[in-house]
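Quick notes on the structure that follows.
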Amino acid sequence: RSPRSRSSSSWDPATGGTNGEHRAEPPAQASTTHLPLPKSRQRTFQGILIPPGLPAALQGAMSPRLPLRRRGRPAPAPTARLNPGVSFGAEHFAETSYYFEGGLRKFRAQPLAYYRAAVRAGRLRLNEEPVRDLDIVLKNNDFLRNTVHRHEPPVTAQPIRILAEDEEVVVVDKPSSLPVHPCGRFRHNTVIFILGKEHGLRELHTLHRLDRMTSGVLMFAKTAAVSKRIDEQVRQRQLEKEYVCRVVGEFPEHEVVCEEPILVVSYKVGVCRVDAKGKPCQTLFQRLSYNGSSSVVRCLPRTGRTHQIRVHLQFLGHPIVNDPIYNMEAWGPHRGKGGEIGKTDEELLRALVEEHRSKQSLEVLGIGEEDLNCAGESKDYKELSLCGNQDGQAGEKGWEEKDPLCVECRMSRRDPSPKELVMFLHALRYKGADFEYCSSMPEWAMEDWQE
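For the sequence shown, position 312 matches number 312 in full-length UniProt numbering, and the numbering has no gaps at all.
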């Protein structure tokens with residue numbers, strides 16, 4: 001499934017913010033040099049020296065003081081502000097229209113040459129006026145707007161099935177390949193965005209997360225109060241999660257407990273490994289069936305580290321059959337069994353990237369060629385500067401297939417195959433103190449399933 005859209009990102013130096021907004025650096029201020037004071041006259045606040053040139057009001061604010069009292073009693077601590085749920089405005093939902101092609105839901109930041117061309121085309125606007133000079137210095141309260149042509153990696157066209165919904169929560173059966181929330185290169189092709197656009201479910205609060213390639217039970221709170229209540233259950237270890245997966249080889253018949261610590265190798269690429277310097281974790285495994293070449297395994301994670309189940313299975317020598325990260329040749333001849341890799345972290349990441357690049361599957365790692373500085377800084381954009389109209393606005397064709405300024409529109413990418421959009425790891429059950437939600441067993445987990 002691939003959406004196409006033309007959207008604008010706003011940069012408000014005065015407020016900063018989210019959803020494409022950035023804070024500009026304030027203009028440089030004149031500096032004043034102060035001579036050091038004798039230690040007897042120096043004042044500190046929480047171990048920090050208060051400079052003598054600080055205004056009196058600010059010096060007072062930084063001075064130690066007793067808690068405020070109200071009618072002889074200490075004033076209560078301020079109530080922590082509850083975070084709002086994740087939502088999008090109607091203008092965001094209107095940015096794009098999904099289309100489906102070849103069983104996919106389809107809907108891509110740019111080199112410097114692109115921005116030069118965008119300026120010539122009048123697409124970059126400062127305080128709603130076209131920018132003509134890239135050397136301009138931003139001032140406080142300036143508002144910078146850039147209109148871009150968005151691309152996102154395609155995801156499965158399989159619909160998001162709602163398992164349960166009431167006034168407090170909504171529970172869905174997440175298809176594989178869909179991220180839970182906007183991150184990296186994904187925005188429109190995410191569970192939260194699709195639920196808002198296609199089901200009218202706004203301001204949802206994420207209670208837990210599933211990897212992009214993991215399918216299964218995913219639960220959202222509809223209010224901050226419900227989110228806070230369930231978060232407390234998470235902190236008190238009152239929640240139970242059950243997964244099912246299909247792994248390489250004959251998994252042991254007896255129950256296996258893995259307690260190897262896990263270290264994040266790269267947050268950007270999303271790779272972890274077992275390491276003594278990692279965070280402690282525990283996963284319990286039970287074999288359900290074996291078909292002669294692969295095993296279906298029940299997984300009960302007692303902690304919630306990134307990629308915990310996948311990393312522990314790799315360490316045990318039984319990686320998930322089609323795991324696009326932890327069952328790759330880049331990990332060496334033993335595919336990381338027992339933590340034996342034989343590479344530095346940098347060498348491992350390079351090998352993973354090159355292996356996926358050779359298969360044209362970098363999207364699995366959540367990166368594109370442009371993230372690897374392969375986006376063609378030297379592309380000639382001179383002939384592309386006529387794609388905007390005279391007042392610098394984008395053309396009337398808001399949903400056109402190709403944008404003359406867009407780098408990604410000039411690239412040819414193959415669509416992922418259905419097999420590349422599925423990983424054999426499924427969240428089967430999610431249970432709390434007063435709830436329990438389950439999904440059906442996936443087809444690949446059936447005892448008689450054959451590849």
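The beta carbon of each residue, even a glycine, is placed where N, CA and C say it ideally should be.
Keep in mind the model is a prediction, meaning the values are calculated, not measured.
In this structure, T214 sits near A427, with a CB-CB distance shorter than 8 Å. The beta carbons of Q314 and Y326 sit closer together than 8 Å. Remark: fewer than three beta-carbon pairs, one from each stretch, lie closer than 8 Å, so the segment 217 to 237 and the segment 267 to 284 are not flagged as touching. Between the segment 162 to 169 and the segment 209 to 226 there are three or more inter-stretch CB-CB distances shorter than 8 Å, so the stretches are counted as touching. Judged by their CB atoms, V296 and V244 are nearer to each other than the 8 Å cut-off. Taking the CA atoms as reference points, G342 sits about 14 Å from L352. Between the alpha carbons of G103 and S294 lies a gap of roughly 27 Å. Bounds of the beta strand (DSSP E) holding Y430 are 425 to 431. Beta-bridge partners of I162 (DSSP): V172. Spanning the alpha carbons of R413 and R185 requires a straight line of approximately 15 Å. The residue from V171, D173, L195, M446 with its alpha-carbon nearest to that of P182 is L195. Put simply, the backbone Cα of N140 is about 12 Å away from that of N127. Excluding five sequence positions before and after A433, the CB atoms of its chain that fall closer than 7 Å to its own CB belong to Q233, Q238, given in chain order.
Annotation: the UniProt domain "Pseudouridine synthase RsuA/RluA-like" (169 to 314) contains the following complete segments of the beta strand (DSSP E) (minimum length 3 residues), in chain order: 169 to 174, 215 to 221, 240 to 248, 256 to 258, 262 to 266, 271 to 274, 283 to 290, 294 to 301. Taking 8 Å as the cut-off, the beta carbon of N291 is found closer than this to the beta carbon of W449.
The beta carbons of I320 and L178 sit about 18 Å from each other, so the pair does not count as a contact at 8 Å. Distances from the alpha-carbon of E152 to those of E346, L421, E408 put E408 closest. Remark: C-beta atoms of L316 and C258 approach each other more closely than 8 Å. Residue pairing for V131: DSSP places it in no beta bridge. Residue pairing of R123 in beta bridges, as defined by DSSP: absent, with no partner found. Cβ contact annotation for Q158 (same chain, cutoff 7 Å, sequence separation greater than five): P175, in chain order. Contact between K279 and P301 is ruled out by a C-beta separation of about 13 Å, above the 8 Å threshold. Our two residues, E203 and V264, have alpha carbons roughly 30 Å apart in a direct line.
Per DSSP, the unbroken alpha helix (DSSP H) holding H356 starts and ends at 345 to 358. In this structure R335 is buried. Its beta-carbon is surrounded by 16 or more other beta-carbon atoms within 10 angstroms. The alpha-carbon of E347 is positioned some 29 Å away from that of P154. Counting along the chain, no beta strand (DSSP E) covers L138, and no H or E run does either.
Relative to the Cα of L201, the nearest Cα in the group E168, D211, S440 belongs to E168.
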